Structure formats: structure tokens, C-alpha cells
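So the sequence lines, in the order shown, correspond to chains X and B. Going by full-length UniProt numbering, the first sequence runs without a break in its numbering and finishes at 372. Going by full-length UniProt numbering, the second sequence runs without a break in its numbering and finishes at 372. For glycine and all other residues, C-beta sits at the position ideal for the given N, C-alpha and C. Source: prediction; values computed, not measured. Step one of this worksheet: look at the structure below.
Number of protein chains: 2
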Amino acid sequence: MLENLKIGILGGGQLGAMIIRQAIDLGLSASIMDKDAHAPCSRYTSSFFCGDPASFEAILEFGKGLDVITIEKEAVNINALRQLEKQGVRIFPAPDTIEVIQDKFTQKQFLLSHHIPVVPGEAIQGKKDLYQYENKLPLCLKKRRDGYDGYGVMVLKTKGDIAAAFDAPCVVEELVDIKHEISVIVARNEYGAVACYDPVMMVFSEEKFVLDYQIAPAQIDKEILKKATILAGEVADALKLVGILAVEMFVTKENKLLVNELAPRPHNSGHHTIEASITSQYEQLLRAVLGLPLGDPGLRFPSLMMNILEGATLNTDKRGKLNRLLDIPGAHLHWYGKEGNRPGRKIGHVTVTDNTIENVIAKAASIRKILN
Amino acid sequence: MLENLKIGILGGGQLGAMIIRQAIDLGLSASIMDKDAHAPCSRYTSSFFCGDPASFEAILEFGKGLDVITIEKEAVNINALRQLEKQGVRIFPAPDTIEVIQDKFTQKQFLLSHHIPVVPGEAIQGKKDLYQYENKLPLCLKKRRDGYDGYGVMVLKTKGDIAAAFDAPCVVEELVDIKHEISVIVARNEYGAVACYDPVMMVFSEEKFVLDYQIAPAQIDKEILKKATILAGEVADALKLVGILAVEMFVTKENKLLVNELAPRPHNSGHHTIEASITSQYEQLLRAVLGLPLGDPGLRFPSLMMNILEGATLNTDKRGKLNRLLDIPGAHLHWYGKEGNRPGRKIGHVTVTDNTIENVIAKAASIRKILN
Numbered sequence: 001m002l003e004n005l006k007i008g009i010l011g012g013g014q015l016g017a018m019i020i021r022q023a024i025d026l027g028l029s030a031s032i033m034d035k036d037a038h039a040p041c042s043r044y045t046s047s048f049f050c051g052d053p054a055s056f057e058a059i060l061e062f063g064k065g066l067d068v069i070t071i072e073k074e075a076v077n078i079n080a081l082r083q084l085e086k087q088g089v090r091i092f093p094a095p096d097t098i099e100v101i102q103d104k105f106t107q108k109q110f111l112l113s114h115h116i117p118v119v120p121g122e123a124i125q126g127k128k129d130l131y132q133y134e135n136k137l138p139l140c141l142k143k144r145r146d147g148y149d150g151y152g153v154m155v156l157k158t159k160g161d162i163a164a165a166f167d168a169p170c171v172v173e174e175l176v177d178i179k180h181e182i183s184v185i186v187a188r189n190e191y192g193a194v195a196c197y198d199p200v201m202m203v204f205s206e207e208k209f210v211l212d213y214q215i216a217p218a219q220i221d222k223e224i225l226k227k228a229t230i231l232a233g234e235v236a237d238a239l240k241l242v243g244i245l246a247v248e249m250f251v252t253k254e255n256k257l258l259v260n261e262l263a264p265r266p267h268n269s270g271h272h273t274i275e276a277s278i279t280s281q282y283e284q285l286l287r288a289v290l291g292l293p294l295g296d297p298g299l300r301f302p303s304l305m306m307n308i309l310e311g312a313t314l315n316t317d318k319r320g321k322l323n324r325l326l327d328i329p330g331a332h333l334h335w336y337g338k339e340g341n342r343p344g345r346k347i348g349h350v351t352v353t354d355n356t357i358e359n360v361i362a363k364a365a366s367i368r369k370i371l372n
Numbered sequence: 001m002l003e004n005l006k007i008g009i010l011g012g013g014q015l016g017a018m019i020i021r022q023a024i025d026l027g028l029s030a031s032i033m034d035k036d037a038h039a040p041c042s043r044y045t046s047s048f049f050c051g052d053p054a055s056f057e058a059i060l061e062f063g064k065g066l067d068v069i070t071i072e073k074e075a076v077n078i079n080a081l082r083q084l085e086k087q088g089v090r091i092f093p094a095p096d097t098i099e100v101i102q103d104k105f106t107q108k109q110f111l112l113s114h115h116i117p118v119v120p121g122e123a124i125q126g127k128k129d130l131y132q133y134e135n136k137l138p139l140c141l142k143k144r145r146d147g148y149d150g151y152g153v154m155v156l157k158t159k160g161d162i163a164a165a166f167d168a169p170c171v172v173e174e175l176v177d178i179k180h181e182i183s184v185i186v187a188r189n190e191y192g193a194v195a196c197y198d199p200v201m202m203v204f205s206e207e208k209f210v211l212d213y214q215i216a217p218a219q220i221d222k223e224i225l226k227k228a229t230i231l232a233g234e235v236a237d238a239l240k241l242v243g244i245l246a247v248e249m250f251v252t253k254e255n256k257l258l259v260n261e262l263a264p265r266p267h268n269s270g271h272h273t274i275e276a277s278i279t280s281q282y283e284q285l286l287r288a289v290l291g292l293p294l295g296d297p298g299l300r301f302p303s304l305m306m307n308i309l310e311g312a313t314l315n316t317d318k319r320g321k322l323n324r325l326l327d328i329p330g331a332h333l334h335w336y337g338k339e340g341n342r343p344g345r346k347i348g349h350v351t352v353t354d355n356t357i358e359n360v361i362a363k364a365a366s367i368r369k370i371l372n
């Protein structure tokens, strides 16, 4: 039975911990690998392996005796996963899928080759190549690999910005004039079954490219939302995905959809599914990679998700603030229990649920006041 | 912050695992103690302590360095908990509360002394004392200590049954003519705040005293349900409870409420709160013992919970049956991943949620067909 299946997760952060939360519901054993010995997941498994998922040797060692491996971050060693696959370990999403997505330019080319609309962009080797774009500013510059949560992304507005730009292989993208940013979580299993969550609308802080809050269901035209879920399903099929995938999209001023970025794993934009959906994205991932039937992705009620970021403001009377937050009915705190102290990083989130979107927004406003 | 709090749980079964599930949401570390090295919880913590919670020495050893200890079973060594309390470890529920409840006769006397109506009963030392009740049959016989899930309970109908009865300190109870069995989960924190869940109706299999299924909200007269929640609050206050408590009650043919049994911990009759309530009983327990504000216990939608028992029927094509169950929208599987094979024991449960009680009952009927 399920308890005899040995599942491994590459990455031991909050996403991994939320996978373990659902692994408990299926009685599964989960082995976790993270390079930080104090990663959140290290507390919630008897099988924690301290090692870098980017290391060939470390992954080979970790994979011994496991039945299935999945990921909670993309920066993993693909060659090692291919090697383990040859040894009989099932790797979901497939190494090919992860590899395509790991590199933002390869990802874009893949999508284009499958006739999926994307944000136009070109590849450059390093900073020196940027000067040819001087007359095309403003532009968005993204590192091809290893960016996350706004790290590895910057907007170039002036020539001065070029001088301060990343000196690494990057994608240079047009700054699209966007009306909305949405995200669709889609799951697909090895039998080709696909389940799409309702699109969520994401609102980003302008400075840092960090998500400010997200609302589900997205409060935009239903026809666009329907197209977005169809598009997400097409991406999942094109990738022959087994697992779950976040498809972040732009809705342009002309109501066109452009795929911005993919993440082949549980995603921030699916946190709300724990409380607000019939099947959470974490349970859906486990169902997909274990060959179980996919669950109903239906939304039960409106929700809003806000990240909690490390910072001086929160640190003043943190316990008091969290207590006041916990006193709001329908405010679901997820506190990641991270060690250390790096201003700006995500240390928790709150999902607010209620019967109407208006109530959800009103509660979220109270929470924002408490946390700031 | 919360992640620096070291919480210990005595007992490492499925209830403990469901507490860990919620501990993840608060970023807490949880140390678990169980005498079975392969208990479900052993997989979900980096801090598993193999030892018997009934042992004085084992608990003292386990408690070193912990901030708070709570329980997921009553059979724990009270003297050791008192000793740890003197050393500064916070024990919730208090050792006095657990001690009163551990013994079914002491429990009954305590409730009577607080004017809480109970099933009438008397204490006996052992089997020889039973013969004086020969002319009062039928009666219900319950071991004073360590009974659970129908173990330690039997109905005496004939003189022959007396010969086959437990030979241990027991409570002899009248067989009350009951209309319904209900359970109310109530939480109370150290500041005296009380939160009551809606009563659930429990339906037991007649032979084995094992729960067949439970429905929330209970489909009985609203006035009775209101009285039941008031009664549960009174019991929590009388016990000066800090934690959560299941108050199992009988509704007699005359619509009177009688308290049947108490359990000062998460309880089977609160499993449905994971999916169906705003705050689950597991989260509520953590909030109560950590001095956080109690959460909203409100029910979001109707639900029905069924235990899954080990047995020959299930074992025929178990994986196929679970797959068909997972294919029903709103059927939430909790598979405990227990080792071994003892027919009749609980190895999982399913919570069914839907918008109407009729839909919930119809889905439950399909599930029963699948599992049988």
C-alpha cells in the first residue's frame, strides 16, 4: 500500500513542508533533500538528507532505494535524475520537462515551438550584449537560470541601469503593457488526465517583483479565464507533464494572453488551494506522481493569499501581531518557521477565506493593517 | 517565535500525525513519544522517542528540554507529568484533568459532583462482584482504565455473559434506552476562552461498539444540540481544561442528555473538522495549548466521516478500491499507513463533504459499496 512507497522530494523549504502535510493524509513516507540542514522540512521527516539538489553525486546518493522522486524547486541536477531513472526510480515531472523549464530561454523556445503565445524575448550571453539594446529601453532582464521570487529579474529603464545589470546569460524581454497577471495551476498524470484550477489574479509590488497578494477566483472577464485554463492544459500536454505546473500569464491591454513563466512544482499561486479548493495543489501533486486519480480542483469559496515577508516592521511585536491575525475568523496562518533573518524573504503566508469576495477583501485589509 | 517552541506529544498514532499536519502550519517542532518504533508519527518528525507513555522514567526523559507537552491518548503516566511540571514544562491538559478522565468511575463522580448528568453506574473490583447484579441485567460493563475503540466495553445480557466478563476494576452501567449518540468537541485555553464545535451524530455498529459513521451537523432537534454545546462548555470549565475535549453524550428517548464519556484530546468525532470546519480540532488543540487565540469552530458545510477498518474484504484489491474512492469528488481519504495487520482496527478514514446533507449521504453510500 501507499505507506510502502518511498517518495523523495528535492528541496526542503515551505513548499516541501506543505507536501509533507498532505503526505500524512496518504500515510506516505517522504524523504527530503536540502542543502540547508535547518530547512523547514528537516523537522517533519525521519528521513532528511542534507545535500545540494544541484549536485550529481548528492542526488544519486539520495535516490537510492526511493520509488518516486519529485521536486519543490527547479534547480536540480538533471543528469543525476536521468541516471536514477535508468536505475528504476520514477522521476516526476520527467527530467526532460524540468530541463526545458530550468532555462527561461529554452522554456520560451519550447512554448513558441508548440504555438503557445509568450512574451517576446531574446537570449544574451552577458552584460556586454546589453548595449545593443540601448535604444530599445525599457526592457525586462531575467537570468536564464536559478531566478526565483523576484531574484534574477530587473527592469532596465536607462543606460545607467545597463551598467548595473546582471552579468550572466539572460533573456531580454519586451516590457509588455499588461492589464493583469494571472496564474493557472494545472495537474496531469501519466495516463494523460488533466485537471485545471481556476485562474488566480496576482498583484505584484512594483519595486521588488514580489507577489503582494492574489485573489481566487480572478475578478476578470470569464471568457479570458476560460481561455487561460485551456492554454494551461495545452502547456501541460506539450510538456507531457506528470505532476503539477504553475503557468503564469499576462493579460495584455488588448485582452491577449501571453505565457510569462512556468514552474513545474507546487507554486505560491496555489497556496490558497489548501483551504479554498476541494483538492489542494499539494495533494494533487501526490496524486499525479503516484498514479492515483486526480482530485477535483474546484474552488469552494473565494480566497485571498498574502505573503508574510521578513522585515523590521513585522519584527516589532511579532507575536502580538500574529495573535491578532489568528483572532480573525477565516484567516489561515502558515508560518514557515525559517531560521535566520534576511529582510524581504517569505517567512509565511495567510490565506483568507469567506463567503464573498467583498468579505475576503475587507478581512485582508484588516490583516494588512495588523502586519504593517 | 513559534518555531522555537518545543512541543511534545505523548502518543504517535494517527491522531498525533494529524496534529503534526497542523504543527507544520505553525512552523512548530514536534517531538513524539510512542512505544511502537513504527508508529505513524515516527515518519513525520526528526524527533521521535521510542518509549511507553505509561512509564515514569520514559516520560521524564522525553520531557527534558520541551516547552509544552500534550497528549493524543489518555494512558500516560500522571506522576511523571507532575514532576515535569515542577521542572517548568507546561503540561496541557493539566495532569489533574487527565487523571480525572483516565478512570471512567472517577470521571463519572467528578461530573456528578459538578451537576453534569451522566449515565448511572457503580464501581466494582472484579468479576466476583458482578454476581450481585444478576437480577439487574442487561448492563454495560466498562473497564475503569485503558479502554478505547470498543476495547474494554461489553454488554452483559445473561448470567453466562457474567462468566465471560472482564475480571478487572470496572464500571457497571445501566443500559440506557437511547435515541441518539452525539459528540461535542470543545476547546478551552488558559485564559478561560471556550470554543464549541457543532455536535456530530455518531452511529455505532451494534456488535463491536465501533463507530460506523458520523454526521455533522447532527440531524436532530436544534434545542437539544444547543443544550449539548452548553453542557460541553460546562464540562470544560469544571475540568479547568486547557486543550480540547470530546464530550460523548446520549440523547435518551425522553430527549435528556447524559454524558457518556470524555476524551481530553483530539477525537475520532472531530476528524471531519479538518475539511469541514474553519478551524480543525488539531489546529484548535495547538492554539489552546500554546496560548494563541482559539479559532472559529464554525462548520463550513455538511460532512460525514467513516472509519476504514482492517479486514479481509478491504484487502481484496485494496489499491483498486482506494483508487475508486479517490475518484469521488469531495471524498477526502486519510490513510494512516499503519504497519502490521490486525482485523478490525482503524487504518484510515474518509471524510465526505458536499453542499447538502443529502449529497453527503449519497456519496457515503457509494463509498461504502466500494470499500465492502
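Does the distance between the C-beta of residue i and the nearest non-hydrogen atom of the ligand FMN fall short of 7 angstroms?
i, result
"W335/B", "You won't find the ligand FMN in this model; it holds no ligand whatsoever."
Mind checking residue i: buried by the 16 CB within 10 Å criterion, or exposed?
i, result
"D317/X", "exposed"
"T313/X", "exposed"
"N260/B", "buried"
"I185/X", "buried"
"I230/B", "exposed"
"T158/X", "exposed"
"S183/B", "buried"
"S113/X", "exposed"
"N77/X", "buried"
"E339/X", "exposed"
"E61/B", "exposed"
"R144/B", "buried"
"K222/B", "exposed"
"H332/B", "buried"
"G11/B", "buried"
"K108/X", "buried"
In whole angstroms, what separates the C-alpha of residue i from that of residue j?
i, j, result
"I7/B", "S46/B", "13 angstroms"
"R21/X", "Y151/X", "27 angstroms"
"I124/B", "V360/B", "43 angstroms"
"R213/X", "V203/X", "It is Tyr, not Arg, that sits at residue 213/X in the sequence shown. Their backbone Cα atoms lie some 5 angstroms apart in a straight line."
"E234/B", "E190/B", "15 angstroms"
"K358/B", "A364/B", "One detail in the question is off: residue 358/B reads as Glu in this sequence, not Lys. Each residue's alpha carbon lies about 10 angstroms from the other."
"residue 380/X", "K104/B", "Examination of residue 380/X is not possible in this model, given that chain X is present from 1 through 372 alone."
"L111/B", "V100/B", "10 angstroms"
"A94/B", "A54/B", "16 angstroms"
"E134/B", "D52/B", "38 angstroms"
"H272/X", "D296/X", "15 angstroms"
"R43/B", "S303/B", "29 angstroms"
"E201/B", "V119/B", "Before going further, note that residue 201/B is Met rather than Glu in the sequence given. Whole-angstrom Cα-Cα distance: 18 angstroms."
"T351/B", "Q87/X", "38 angstroms"
"L137/X", "V171/X", "14 angstroms"
My assumption, with CB atoms under 8 angstroms, is that residue i sits in contact with residue j. Please give the rounded CB distance.
i, j, result
"Q281/B", "G298/B", "That pair is no contact at about 13 angstroms."
"I224/B", "N268/B", "Not really, about 21 angstroms apart at Cβ, beyond 8 angstroms."
"L294/B", "A187/B", "5 angstroms"
"M154/B", "L141/B", "5 angstroms"
"P264/B", "T97/B", "6 angstroms"
By the DSSP assignment, the beta strand (DSSP E) with residue i in it spans what residues?
i, result
"K346/B", "K346 to T353"
"A331/X", "A331 to W335"
"L257/B", "L257 to A263"
"F48/B", "F48 to C50"
Along the chain, where does the alpha helix (DSSP H) that runs through residue i open and close?
i, result
"G147/X", "Premise fails: G147/X is in no alpha helix (DSSP H) and is neither H nor E."
"T252/B", "First-last for T252/B: G243 to T252, but that is the beta strand (DSSP E), not the alpha helix (DSSP H)."
"E57/B", "F56 to G63"
"T70/B", "T70/B -> not in any alpha helix (DSSP H); beta strand (DSSP E) instead, spanning V68 to I71."
"I367/X", "I357 to L371"
"residue 418/B", "What is shown of chain B runs 1 to 372, which leaves residue 418/B out entirely."
"N323/B", "K318 to L326"
From the beta carbon of residue i, is the nearest beta carbon of chain D less than 8 angstroms away?
i, result
"A17/X", "Considering every chain present, this structure includes no chain D. Its protein chains are X and B."
Listed from N- to C-terminal order along the chain, which residues in the stretch 353 to 369 of chain X have their beta-carbon within a distance smaller than 9 angstroms of any beta-carbon of chain B? T353
Anything in the stretch 302 to 322 of chain X with a Cβ closer than 9 angstroms to a Cβ of chain B? List those residues in chain order, please. K318, R319 and L322
Which residues of the stretch 122 to 134 of chain B have a Cβ closer than 8 angstroms to any Cβ of chain X? Give them in chain order. none
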